[in-house]
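In what follows, a structure is listed as structure tokens, so that the remarks can point back to it.
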Amino acid sequence: MEKPKRFSKVIAALLIVMLFALLVLVIYYSQNSTQPKNLYPGEVRDYQGENLSSIADFRENSIKGPQHINVSTYKLEIKGLVNRTVEYTYDQILDRFQKYQKVVTLYCVEGWSVKILWEGFLVSDLIKEAGVNSSAVGAIFYASDGYSTELPLDYITDHNIIIAYKMNELTIPPERGFPFELIAESQYGYKWIKWITTIELTDNPDYLGYWESRGYPNNATLR
Numbered sequence: 171m172e173k174p175k176r177f178s179k180v181i182a183a184l185l186i187v188m189l190f191a192l193l194v195l196v197i198y199y200s201q202n203s204t205q206p207k208n209l210y211p212g213e214v215r216d217y218q219g220e221n222l223s224s225i226a227d228f229r230e231n232s233i234k235g236p237q238h239i240n241v242s243t244y245k246l247e248i249k250g251l252v253n254r255t256v257e258y259t260y261d262q263i264l265d266r267f268q269k270y271q272k273v274v275t276l277y278c279v280e281g282w283s284v285k286i287l288w289e290g291f292l293v294s295d296l297i298k299e300a301g302v303n304s305s306a307v308g309a310i311f312y313a314s315d316g317y318s319t320e321l322p323l324d325y326i327t328d329h330n331i332i333i334a335y336k337m338n339e340l341t342i343p344p345e346r347g348f349p350f351e352l353i354a355e356s357q358y359g360y361k362w363i364k365w366i367t368t369i370e371l372t373d374n375p376d377y378l379g380y381w382e383s384r385g386y387p388n389n390a391t392l393r
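This is the structure we're talking about:
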């Protein structure tokens, strides 16, 4: 009689172990299947007491879809009404110029907004080395996808406008404008040009960029 009893105890113990293992597997897979995954791990969501939006909160509305720029061949050109045309590589900009941080909210004309911690470089510092002609009143920004827009030089200097290479302390991803996005604070989102390749100094305050030539006002100041 002892052997059957021992056998029954062994079977019971094995069943308990199997049930426990099954329970662990169920809990593991249920948590991993329902738990939201962070698309941008490492991004900060709070800065000096301010709650920040996620990079994932942006909506894709570029004219030709996300651009993928080769950083090893990339150059930012400063041209137009300057004493000399200047070209910077990505690394030159990161190594030579002072970096600044600011929390700025982008407001899209479509009705959505995102508050992000941006890090980048003053446009006024970048164009200074080229020697800005006194007749220049505006800066036209061009992107790799054919997009363009203009902003007054006074606005750029008075508001310490930057081109950002980081957002929420992560390098700007390709879908958000790598290598640089213009942080046109107090302006609607169509002035926030991404994938910047050229800055042209001009004496024409009425240049019409991509959306401006399609009916959007040149003055995009938030109302």
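Residue numbers (this note's numbering): 171 to 393. Don't be surprised by glycine CBs; every beta carbon is placed ideally from N, CA and C. Nothing here was measured: the structure is a model prediction, and the numbers come from that model.
C-alpha gap between residue i and residue j, whole angstroms
i, j, result
"Leu209", "His238", "18 angstroms"
"Tyr377", "Tyr217", "37 angstroms"
"Ser314", "Ile263", "18 angstroms"
"Thr368", "Phe350", "11 angstroms"
"Ser356", "Thr391", "6 angstroms"
"Tyr167", "Thr259", "Here the chain covers residues 171 to 393 and nothing more, so residue 167 does not appear."
"Tyr335", "Met188", "53 angstroms"
"Asp328", "Leu321", "12 angstroms"
"Trp381", "Ile333", "20 angstroms"
"Val214", "Ala226", "12 angstroms"
"Arg346", "Asn231", "10 angstroms"
"Tyr277", "Glu299", "32 angstroms"
"Gly212", "Ile342", "13 angstroms"
"Asp295", "Gly281", "33 angstroms"
"Phe291", "Met337", "13 angstroms"
"Phe348", "Ser304", "31 angstroms"
"Asn388", "Ser224", "29 angstroms"
"Gly379", "Leu246", "19 angstroms"
"Ile297", "Gly219", "34 angstroms"
"Asp261", "Ser242", "9 angstroms"
"Leu352", "Val273", "13 angstroms"
"Glu257", "Tyr386", "31 angstroms"
Integer-rounded CB distance, given that residue j should sit under 8 angstroms from residue i
i, j, result
"Leu222", "Ile286", "6 angstroms"
"Glu289", "Gln271", "5 angstroms"
"Gly301", "Asn253", "3 angstroms"
"Gly250", "Leu340", "Rounded, the Cβ-Cβ distance is 32 angstroms, inconsistent with contact."
Per-residue burial, residue i [other beta carbons within 10 Å of its own, 16 or more giving buried]
i, result
"Arg266", "exposed"
"Ile186", "exposed"
"Arg384", "exposed"
"Val279", "exposed"
"Asn240", "exposed"
"Lys234", "exposed"
"Gly308", "buried"
"Gly359", "buried"
"Gly316", "exposed"
Residue i beta carbon near the ligand SAH (any heavy atom closer than 7 angstroms)
i, result
"Ala334", "This structure lacks the ligand SAH; in fact it carries no ligand of any kind."
Cut-off 6 angstroms between Cβ atoms - residues of its own chain near residue i, not counting five sequence neighbours on either side
i, result
"Ala354", "Lys361 and Trp362"
"Thr275", "Ser283 and Lys285"
"Tyr312", "Ser318, Thr367 and Thr368"
"Ile331", "Val293"
"Pro344", "Pro236 and His238"
"Thr255", "Lys249"
Cβ shell of residue i (< 7 angstroms), same chain only, five flanking positions each side left out
i, result
"Asp324", "none"
"Ser365", "For the sequence presented, residue 365 should be read as Trp rather than Ser. Taken in chain order, the residues that qualify are Gln237, Ile239, Ala313, Ser314, Asp315 and Gly347."
"Ile310", "Ser318, Glu320, Glu370, Thr372 and Tyr377"
Beta-carbon contacts of residue i that lie in its chain and below 8 angstroms, excluding the five residues immediately before and after
i, result
"Arg229", "Cys278, Glu280 and Trp282"
"Val393", "Sequence inspection shows Arg at residue 393; the Val mentioned does not correspond to that position. Here the set comprises nothing."
For this session: Output the residue ranges of the beta strand (DSSP E) runs that lie fully inside the segment 359-393 and measure 3 residues or longer, sorted by chain position.
Result: 366-372
For this session: Any chance you could list the alpha helix (DSSP H) runs of at least 4 consecutive residues sitting entirely within the segment 262-306, in chain order?
Result: 293-298
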